[in-house]
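Okay, structure first, notes after.
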Amino acid sequence: EHVVHPYHLAWPHSGPFSSFDYASVRRGYEVYKQVCAACHSMKFIHYRHFVDVFMTEEEAKAEAAEATINDIDDKGQPITRPGALTDRLPSPYPNKKAGAAANNGAAPPDLSLMALARHGGDDYIFALLTSYFEPPAGVKVDEGKAYNPYFPGGVISMPQQLFDEGIEYKDGTSATQSQQAKDVATFMHWAAEPFHDTRKKWALKIAALIPFVAAVLIYGKRHVWSFYK
Ligand code: HEM
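Position one of the sequence shown corresponds to residue 1405 (our numbering), numbered consecutively onward.
Following this line, the structure appears as structure tokens:
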């Protein structure tokens, strides 16, 4: 099978003790909301997850309230209502079948865990989103599909999504294609691994304790075995 491995990028969060860049996570959410959410769900992410991560509680409430949520009322009748912190991010299609029907037969996968689900992780997502090219001679690309060397097989049912200045960032960062790809990949990694920073903080604490524990154990061992000398 035709597979091109993504190149490795210097992600700010890739070091053993580095945290996410939360300004980037926040911009990545803007990309997800304005571009990707038209076709992809993130059904494991709730608005409450944003609180104290890249939004205040007030901001997250306002963000949720902008969304229209399908629900049922007390009598079991379908209604729509503004979102609350306890809601999931809205899904664009009611089910996979509807998603496939709207996208030439390929359902857009849920993106909640995508940053960890695919080989190459963040590097793969960045490479995929920034690598739409003319197909090389001999590669047949059907109507509604696109050539992308990073997608296994080389032909993907997702057309190019990111364009320079395709959106405008609230924080004024210039929204080049690569900036958007970096930010949305960072947002997706945070979504897939929200405990990432806590994990690395514990790794640092435990790494810092190892010399002391080692010293005590070595001293103790020598003490216990000293009568053999
Ligand atoms: C697949 C990301 C926007 C339609 C995918 C995949 C990723 C992804 C990571 C999985 C590739 C794989 O299976 O390895 C994104 C991101 C977006 C975005 C980050 C926003 C920047 C969209 C939009 C549409 C769309 C707006 C619809 C117009 C699809 C479809 C697939 C797909 C149909 C399945 C492709 C296939 O299996 O051939 N997307 N996507 N995506 N996406 Fe998107």
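Virtual Cβ for every residue (Gly too), placed ideally from N, Cα, C.
Alpha carbon to alpha carbon, how far is GLY1542 from LEU1517? Give it in angstroms, no decimals. For the purposes of this step, residue 1517 is taken as residue 113 along the sequence shown, with counting starting at 1. For the purposes of this step, residue 1542 is taken as residue 138 along the sequence shown, with counting starting at 1. Roughly 34 Å between the two C-alpha positions.
Let me check understanding here. Comparing Cα to Cα, which of LYS1447, ARG1485 and TYR1623 lies closest to PRO1513? Stepping through the sequence shown from its first residue, residue 1513 is reached at position 109. The candidate whose alpha carbon is nearest that of PRO1513 is LYS1447.
Locate the alpha helix (DSSP H) running through ARG1522, then write down its first and last residues. Indexing the sequence shown from 1 puts residue 1522 at position 118. Neither: ARG1522 is in no alpha helix (DSSP H) and is coded neither H nor E.
Secondary structure of MET1518, DSSP reduced to three states: The count along the sequence shown starts at 1 and reaches residue 1518 at position 114. Helix at MET1518.
8 Å CB neighbourhood of ASP1478 in its chain, flanking five on each side removed: Taking the first residue of the sequence shown as 1, we reach residue 1478 at position 74. Here the set comprises nothing.
Taking 9 Å as the cut-off, decide whether the C-beta atoms of THR1590 and ASP1425 are in contact. Within the sequence shown, the letter at position 186 stands for residue 1590. Within the sequence shown, the letter at position 21 stands for residue 1425. Closer than 9 Å, so yes.
Measuring CA to CA, which of PRO1420, VAL1439, PHE1567 and PHE1631 is closest to TYR1536? In the sequence shown, residue 1536 corresponds to position 132, counting from 1. Measuring from the Cα of TYR1536, the nearest candidate turns out to be PHE1567.
Determine which residues share a DSSP beta bridge with ARG1430 and list them. Residue 1430 sits at position 26 when you count from the first residue of the sequence shown. BP columns for ARG1430 are empty, so no partner.
Determine which residues share a DSSP beta bridge with VAL1474 and list them. On the sequence shown, residue 1474 is found 70 positions in, with the first residue counted as 1. Note on identity: in this sequence residue 1474 is Asn, with Val being the wrong assignment. According to DSSP, which records beta bridges pairwise, ASN1474 is partnered with THR1484.
Kindly indicate which three-state DSSP category MET1459 falls into: helix, strand or coil? Locating residue 1459 in the sequence shown gives position 55, where the first residue counts as 1. If DSSP states are grouped into helix, strand and coil, MET1459 belongs with the strands.
Roughly how many angstroms lie between the CA atoms of ILE1560 and ASP1587, to the nearest whole one? Residue numbering aside, residue 1560 sits at position 156 when the sequence shown is read from its first letter. Residue numbering aside, residue 1587 sits at position 183 when the sequence shown is read from its first letter. Going by the C-alpha atoms only, they are around 22 Å apart.
Return yes when the C-beta of ALA1442 is under 8 Å from any heavy atom of the ligand HEM, and no when it is not. Sequence index remark: in the sequence shown, residue 1442 carries index 38 (1-based). Within the cutoff, so yes.
Which class does ILE1449 belong to by DSSP, given the choice of helix, strand or coil? Numbered from its first residue, the sequence shown carries residue 1449 at position 45. In this structure, ILE1449 counts as coil in the three-state DSSP scheme.
Would you check if the segment 1455-1471 and the segment 1611-1626 touch, i.e. whether three or more CB-CB distances between them fall below 8 Å? no
Would the beta-carbon of GLN1581 be found less than 8 Å away from any heavy atom of the ligand HEM? Taking the first residue of the sequence shown as position 1, residue 1581 is located at position 177. It does not: the Cβ of GLN1581 is nowhere closer than 8 Å to a heavy atom of the ligand HEM.
Can you tell me whether DSSP reads TYR1411 as helix, strand or coil? The count along the sequence shown starts at 1 and reaches residue 1411 at position 7. Three-state result, TYR1411: coil.
Could you tell me the distance, in whole angstroms, from the CA atom of GLY1557 to the CA atom of VAL1407? Residue mapping note: residue 1557 aligns to position 153 of the sequence shown, counting from 1. Residue mapping note: residue 1407 aligns to position 3 of the sequence shown, counting from 1. For GLY1557 and VAL1407, the distance between alpha carbons rounds to 7 Å.
Close Cβ partners of THR1490 (< 8 Å) along its chain, the five nearest in sequence each way excluded: Your numbering for residue 1490 matches position 86 in the sequence shown. Within the same chain, THR1490 has close Cβ partners HIS1450, TYR1451 and ARG1452.
How would you label VAL1617, buried or exposed, when you count the other beta carbons within 10 angstroms and need 16 or more for buried? In the sequence shown, the residue the question calls residue 1617 occupies position 213. Exposed, because fewer than 16 other Cβ atoms sit within 10 Å of the Cβ of VAL1617.
Taking all protein chains shown into account, do 16 or more other C-beta atoms lie within 10 angstroms of the C-beta of SER1445, making it buried, or fewer, making it exposed? Reading the sequence shown from its first residue, position 41 is the one you call residue 1445. By the 10 Å Cβ count, SER1445 comes out buried.
Please tell me whether ALA1510 and MET1592 are closer than 9 Å, where the distance is taken between their beta carbons. Residue numbering aside, residue 1510 sits at position 106 when the sequence shown is read from its first letter. Residue numbering aside, residue 1592 sits at position 188 when the sequence shown is read from its first letter. Cβ atoms of ALA1510 and MET1592: not closer than 9 Å.
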